[in-house]
Structure formats: C-alpha cells, structure tokens
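Chains as they are written, first to last, in my numbering: chain A, 1 to 310; chain B, 311 to 671; chain C, 672 to 1026.
Here a beta-carbon is modelled for each residue, glycine too, at the ideal position from N, C-alpha and C.
Being a predicted model, the structure only gives us computed values, none of them experimental.
Pasting the structure below:
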C-alpha cells in the first residue's frame, strides 16, 4: 500500500474535470425538469454534441466553433423532442427513449469518417500567478476554460431560477401548468425554451468529452454519461448548486477509486461503482420523507401532459 | 391559424390507420436514408419488413425467431402498461429483468448437477420473485416516503447491472472454466434448460408465459374490478380515492406485477436463448419494452402487435446488414424514425387539427 | 496451358463439394462496431485485406454490434442459410452460440476468436499470444521509465489480460530491477472518459509510462498532454500522441484469415486450435518512436526475433507466484494450458489480485 502517493490537490483537480461533462448535461436537464418536462433523451443529445462538435471542430480547425456547433446539434435533437411532446402530445418517457436510440444511431453514421482523427487543441486557460499558489493552484486554477464556464453556468441557472422573473414563470409552469396557464403564461413556449436549453447543455457536455477529455471520436463514446446526468438531477433535488456538489461527489468517487487501485489497495470495484446510485436513492428518500416533503422541490407537473383547453 | 382540438372520443379510424401510415412514412424516410448511403432502398426495406416473414430462404427460420425476440418484450410491456395506465411510472424494468435472471439462474446453479422435474418450476418462481422484490424497492419507497418511482426504478437499473457484472465475475462464475467470466451454460443443464417445446417453432416457456400474461391482462383490464381501479386511478385520481381505491395498494400491485413479469422474462431468457449469466446479458429489453408498451397504446393486444413490429425490424435489420452491408447504425436510425412516426401520428387519435380564423384566447 | 490448369482446378472442385465456381462466401460477426478503432476494427481490417487478397474469389459480409446469445445464434444461422461457407465469430462470448449453430450446419466452417469451446469438427479456435507483444513493451518500458513506475490500465481480470500484465512486468523487471507497476482495472473494454481519468491518476502517482489493455485512445492523449510516454492498443495510436506514443501492439489477423480461407478453397480446411504470436505475424509492433534510443530499438528487435523463432519464451522460469510459491522452475517454460487460464500475479507485483 502506498497511500502516501495520493495527492489531495490532484484528486480535487481530477474530480472537477471528471464531473464537467455530466454537470453540463445535468444543469440543462434540471432546467427542463423544472419546467415540468422529463426528457430521457439526454444521452442521445450528448452524443449528438460529441459527434457534431467534433466534426465541426475538425473541419473548421476551431474548438470554439466546435462547441457552438455541439450546442446547436443538441438543440436540434431537443427541438425534435419538443415538437413531439409539446405539439404532438406524445408521451415524454417513450419519446425520450426513442431520442436516445435515434441519436446514437445517427451519430454512428455521421461520424464514420472521423474515427482515429485528433481534434484541434483547446487552449488551456493561463491563470498566471493563481496557478502557482500551493495546493489551490494545482487543484483549482489549472483547468481548461470549459470547467470554469460550467461553474459560471451553474451560478447563472441558480440566479435565473431563484431571482429572475422568467425563472419564476418557468417554475410556475413546472409546478402547476394549469394554474400557470390560467395566469396567462405560455406553458408550451416556456417549455420549448427549457427543452432547447437542455439540448444545448447536453450537446456541450458531449463536446467536452470528444474535444477535450477524450479528444477523439468513437461511436457510443458517451457510455451512459447522459443517464448519470439524469440521476444527478434527482440527487440534487432540482437545485443547481447541489447538482454541482453531486457531480463533484460522483466524479470524486470515480477518481478516488482509481487512486486507491493505483495505490495498490484491493477494493471491490464492481460494488463500489454502485455506490453513487445507492447514495442518490438514499438522498431521494431522505428528502421526500415526512415533513421534508416540501424541500423535495420536485416540480409538481413533471411528466404530466399539458393541453390548453378552450 | 392551426389549432389542436381534443376529440370527445378517440378516433377509431385513426387508431387503426396510424400504425400503417407510420410504417409507410418510415419506409419513405428510411428509404431516402438507405439511398443516401448508396444502397438499394427497395431491397433494404424488403429485407427488413418482408423477408423475415415470407422469404423462402429465411422465412422458416426467421418466423420462429420472431417469437424468441418478441416474447420478452411483450411479457415486460404488458406488465408495464398496467402501471402506466394508473400513472405509475416504472421505467426500471431492465433492472427487474436482470434480477429475475439472476434469481432464476441462482436456483439452477445451486442445484447443479442434480436433475429433477421440480428445478425448472422453482426457477420460474425465483425469477418472478427476483423481479418482484426489485420492483418492491421503488414501490415501498413510494408508498412509505413518497419517493419518485420513475427515478428510483431507473437508478436501480444501474445497480442491477453492476450486480450482474459482479455475479458473472464472482459468485456465479463457472468453476470449470477458471479465469473466464460467465456462469455455466444453462442450456447444457437439462433440468434448467428452457428449451423449445416443439422443435424449430421458437415456442419456449417464455412465449407461453407472454401469451398467458396478455390474456390475463386483457381480462383484468376489461372485466375485473382491479382493472377498473387502475383506469380510474389513472384518469381521475381524486375520484378513485373517494371510490375507495387505495393508492398505496395500487402502487404495490402495479409495480409488483410489472416486476414479476419482467423477472420472468429475464429468467426465461437466461435459461433459454441467453444461456448463461454474463456481463453483457442485459441488452435493453427492459427499455425497449417501454417503447413497445406505448406503441401498443398500453393495450395488451396492441402490445402484441407493437412487439412483433419492433421484433421484425430487429431481425430484418440483421438480414439487411448481412445481405446489403448496411451499417448497424442505419438500422438504429430507421427504428428511431419508426418510433417517432408512430408516436407523432398518434395525436390524430385524440386530437383533431382545426384551422381557425384569427387568434382566439 | 491455361486449359490444363482449369481442368486441374475442376478435378479438385469435384473432390470437395464446398468448392464451386461461385465465390467463397465468408461471414463475419462482430461484438462492436467496425468503427471502434480497437478490437472490432482490427478484425475488419483483416477482412478487407482478405477481400483484397482474393478479389472476386471471395465474397465477405459483416454484421456488427451483435450481442451474445440468441442474437448471435440467429445471425450465424441466417448466414448459414444464405449460403455462407465460412463464418468468423470475432469475440470470446460467442462460444456457446458458435457451437450450437455449427452442430446444425456441418458443412459450414466456423472460426471462433479467443474462445475455448470446441464441440464439433467444423469449429476452429484461434487466438493471439498478446503476452509476447507485452514482453516487448515491458522491455522498452522498463528501460525508458525514469520514475521506475509503469502505469497499467486493464479491462477485466481474464487470463489474456492477466498474462499480459505478468509478461510486461517480468520483462520490465529484467532490465530494471527497481521498476514498479501500478494497475487500474476499469471493468470495461471501452469507456473513454474513465480511461482518461485512469491514465491521469497513474501519471499523478508517478507513472511516466502508460500501458493499456483497453480500446480507447484517451490514455495516449492524456500521456501526450502530461509529457509522459504511452503504448497504444490494438491499432497504431501514434496520431493521438506523436511524442508520447512509443509503440503499440497492433492486431493483424489478416495472414491467418487468408491462410484459413486458402485452406478452405483447397478443400484442406480442418478444425484447429491455433494460438499464434509474433512469429506468425498475427500481432506486430507499431513503428518505434524516434525517442527510443537506437540501442534499445535493436534490443527490442532482437527480442521480437527470439520470440518469433521460438528460441525464447516470455514465460521461462524461474518464476514465482505473487505469494512467493514457485510456479516455474529454472529453465522451465510455461505450458499453453496454464497461460490460457492464468489467474494470479507473478512475484514482485505489489497490487492485490482482483477476485
């Protein structure tokens, strides 16, 4: 055993990076669910972002354009979901699952010519003296810009939901769409915007994988990250900062188990890897039991069909 | 301006016409995709929808295979649909399917190598119990703590997948093949083998179980008080409560039933077509069944038809890969299109499109 | 002259009913997509080479992403029904399915990769001695490492992976007695982000050479960014780390596939259980990186030559098990059976063996 070789600063740095793609997707899905829509197609939208972000970055030579394209690609798939669920009133669960199937297939076709290619490099953010601070410099100030933008996005979503008028409307729509409709809010329009935002975020999360983390395209490369993002939203009980804490916790468990293994500790990996899900269920139970029900924060109209009559 | 108006009664014509229309639209859109990939669209579509059933070369083999591929889908979807009708959202059938397989295989492996007529019935019970118990976790959390069952059942899929891997690598590993993951092959253990009842028909106990489940569900939903309660709870929860329907009891029944059926599907699969407990055993039947349930409009007969349609695209998809060298991804896209069209067209059953003049609040 | 030849061919054709004027139809079933840049891509490269080699004389078809069990059995049966003469099932888990289909179609020749079940006279098994390549990587890695720490990303604890770790360790140790291995099991063959995290972890814990027995290119890229060294897997991954990528074990099934089809066409195909290595050209090393000193490149070439000729076996005693109990006596060579079921680390590896 060589536990001394595990450096906590590095551990922190690594878990921030590991958490970024799922956090991006989760923060988008959080907004979607807050508006009362359950989109199970996160994995499909993520892989769209990963694939198209990669294709665009390779062809344009610009990682920035790649990320923009990834967000748009996620939005295109999300728009399809919105068309089906909001206009044509299809079931959210079935449509979301179909979306994932479709996204995985489509990207495998589109990306065929891009396997085995490297994308243009995303420059690392130089924070100068900050990165030299002992411990903190290594842990927090030597990342790529997306890591910081993601944290900023979490803050923005938190502010938006809590303080902005539009955010209040979005929550009202998610809580009780009939009441929101009676108050004169456009339920469908609000939900459409939320779904598109969710698609863009998932697309960005996918592109983070294909352009930065893995820096390569292979079909199916998200390997379930979208599903983890869905679990994360629940774990966070629909609160942005908690989603971030959850993503870091999840990333932390992964990185910690890798570190323990590398240090030669025999740990039951197959059992340890269940723990994030079991913890999430536990959190769910704790939050939804008894009087704490109010703090559950689950949108009241989640997964319920809305049709304005009259 | 275009408006959607809810029909007073669902349209019977569209209900029947929609699936056909959806298939035609998918053929057109899919055909365009196949053509874009440089393949003969007519041949591709023929291979997907026609050849598995009617080709001289493959038909006699593919038709029974359709039963094998479709039976677990129908078995799971029937159970799920009852819950969905009551607004109980179990989307973790994949996990219940895995646990049913593990319980069933566990019984078989515990008895190995003893032969006996009682082993297979015990496995059936164990399989149903495994799925049932796994579904009871979201059910009890829902009734006791009001925890959202969609999310708990989904999360438990990941847990079940990891238990499966752990079992395949550990406890259930075949001791005669040191070093390799995966259990003994149950098809080579006569008492535990879910063999074809009549050779080359594809008819195994899982198919029989699916048939029984469909009939049972149909009668329950149309004739039995429980079916009425389920419908009532789904459409008018408040009225149901006043009518003496216990929501907690309904949650337990619906999740338990779906879990037990999914568990059975897993057990019939692991002891027959699947053959052994292995890391890659779960291939998504539990999720596909959700789609089947909705395509079948949560109706047992509809589910049978939807199951066969989807099963056909799987088998035909393989044929078209083999004969035309289509990439498997294009089949996935094709299936995605089919689902989208089926779901999208369904709105015509319940809504009508109205062209109205000007905006009216 | 030409007439004579055709007459000769015709007489052979009569002797072997499987042979006709029609092209030989060969089916391939894959567990992953052909675009995985790893295991399945390796087999499909070989299929293309096979097609190029025989031209119109063979007709190949593939079905990808086929799950084990009922799906595999159905795909192979449909291949057999459509007149396929020979089927390559390119994954370990197809074992039971291959044998059940083979029993029903005795005239079809089955080739099953990395399996161990052989119940019919028309089932051949084939596998590659990856541990031979690992020995070469271990030798290079042991000499190149400056921190005396080599990181190893492993998939599942199955014999092929375990013997690879042991082989690499023994040969690194032979040239560098201070060398230490850090091993991470990912319990998956392909999970790019997890492999990236694993590589980063190993590097942070002092490894300056990364080896992998998983399919993604992520680890090579991470090594490049961190300024350390890495070996690719299955395909030449140099594009992902022009500086970091020292070499890779490249799967090259083509020579074997061509020889088997040749044998089939000649009517001489028989069931075999082949375990092929460097000497058969079934695995080869990707071009050495220039940063490997010329002297070391020569040593590596010599090691390859010695293994290829059979003059040297990577598992030659004395070798002890991890707990110190003797496994191979001095000069004793490991038997294939022991290697094919290896489930322990050799002495010197500090990590505990996963059970």
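Item: Exposure of residue 361 of chain B, with buried meaning 16 or more beta-carbon neighbours within 10 Å; Value: buried
Item: Close-in-space but distant-in-sequence residues of the same chain around residue 86 of chain A (CB under 7 Å, 5 per side omitted); Value: 188, 191 and 192
Item: Cβ pair residue 675 of chain B, residue 627 of chain B closer than 8 Å; Value: Past the edges of chain B, shown from 311 to 671, lies residue 675 of chain B, and the structure says nothing about it.
Item: C-alpha gap between residue 246 of chain A and residue 661 of chain B, whole angstroms; Value: 42 Å
Item: Contact the segment 384 to 394 of chain B vs the segment 646 to 654 of chain B: 3+ CB pairs below 8 Å; Value: no
Item: Alpha helix (DSSP H) runs contained entirely in the segment 158 to 198 of chain A, provided each spans 4 or more residues; Value: 165 to 175 and 177 to 182
Item: Distance between beta carbons of residue 302 of chain A and residue 33 of chain A, contact taken as under 8 Å; Value: 6 Å
Item: Closer than 7 Å at the beta carbon, the chain A residues around residue 868 of chain C; Value: 14, 18, 254, 255 and 258
Item: Alpha helix (DSSP H) runs contained entirely in the segment 354 to 392 of chain B, provided each spans 4 or more residues; Value: 361 to 364
Item: Euclidean distance between Cα positions of residue 995 of chain C and residue 705 of chain C; Value: 43 Å
Item: Environment of residue 510 of chain B [buried if 16+ CB atoms lie within 10 Å]; Value: exposed
Item: Residue 999 of chain C in three-state terms, based on DSSP; Value: strand
Item: For residue 955 of chain C, the three-state DSSP class (helix, strand or coil); Value: strand
Item: Collapsed DSSP secondary structure at residue 782 of chain C in the structure displayed; Value: strand
Item: Residue environment, residue 448 of chain B, which counts as buried when at least 16 other CB atoms sit within 10 Å; Value: buried
Item: Cβ pair count under 8 Å reaching 3, the segment 933 to 950 of chain C against the segment 795 to 809 of chain C; Value: yes
Item: Reference residue 28 of chain A; option with closest CA among A:203, A:298 and A:210; Value: A:203
Item: Beta-carbon gap between residue 806 of chain C and residue 838 of chain C smaller than 8 Å; Value: yes
Item: Beta-carbon proximity of residue 285 of chain A to residue 457 of chain B, cut-off 8 Å; Value: yes
Item: contact_flag[the segment 911 to 924 of chain C, the segment 889 to 896 of chain C] where n(CB pairs < 8 Å) is 3 or more; Value: yes
Item: Members of the segment 893 to 913 of chain C that neighbour chain A once the beta carbon cut-off is set at 8 Å; Value: 906, 910 and 911
Item: Chain D within 8 Å of residue 301 of chain A, Cβ atoms only; Value: Absent here is chain D; the protein component of the structure consists of chains A, B and C.
Item: Members of the segment 872 to 889 of chain C that neighbour chain A once the beta carbon cut-off is set at 9 Å; Value: 872, 873, 875, 876, 877, 878, 886, 887, 888 and 889
Item: Spatially closest choice to residue 853 of chain C from C:861, C:926 and C:873, by CA coordinates; Value: C:873
Item: Between the CA atoms of residue 563 of chain B and residue 442 of chain B - distance to the nearest angstrom; Value: 10 Å
Item: Cβ-based neighbour list, residue 861 of chain C, same chain, cut-off 8 Å, excluding 5 preceding and 5 following; Value: 703, 707, 709, 885, 886 and 887
Item: Complete runs of the beta strand (DSSP E) confined to the segment 772 to 856 of chain C [at least 3 residues]; Value: 780 to 784, 794 to 799, 820 to 825 and 851 to 856
Item: Endpoints, the beta strand (DSSP E) within which residue 757 of chain C is located; Value: 757 to 760
Item: Distance between residue 257 of chain A and residue 272 of chain A (C-alpha atoms, nearest Å); Value: 8 Å
Item: Test: residue 48 of chain A CB closer than 8 Å to a CB of chain B; Value: no
Item: Bridge partner(s) assigned by DSSP for residue 901 of chain C; Value: C:881 and C:916
Item: Distance CB(residue 425 of chain B)-CB(residue 592 of chain B) smaller than 8 Å; Value: no
Item: Below-8 Å beta-carbon distance, residue 168 of chain A vs any chain B residue; Value: no
Item: CA-to-CA distance, residue 352 of chain B to residue 108 of chain A, given in whole angstroms; Value: 23 Å
Item: Where residue 295 of chain A sits in the DSSP three-state scheme; Value: Summary for residue 295 of chain A: the model assigns pLDDT 48, below 50, so the residue's position carries little reliability; its value from the coordinates is reported in the next sentence. In this structure, residue 295 of chain A counts as helix in the three-state DSSP scheme.
Item: When A:121, A:138, A:124 and A:63 are compared against residue 12 of chain A, the one with the closest alpha-carbon; Value: A:138
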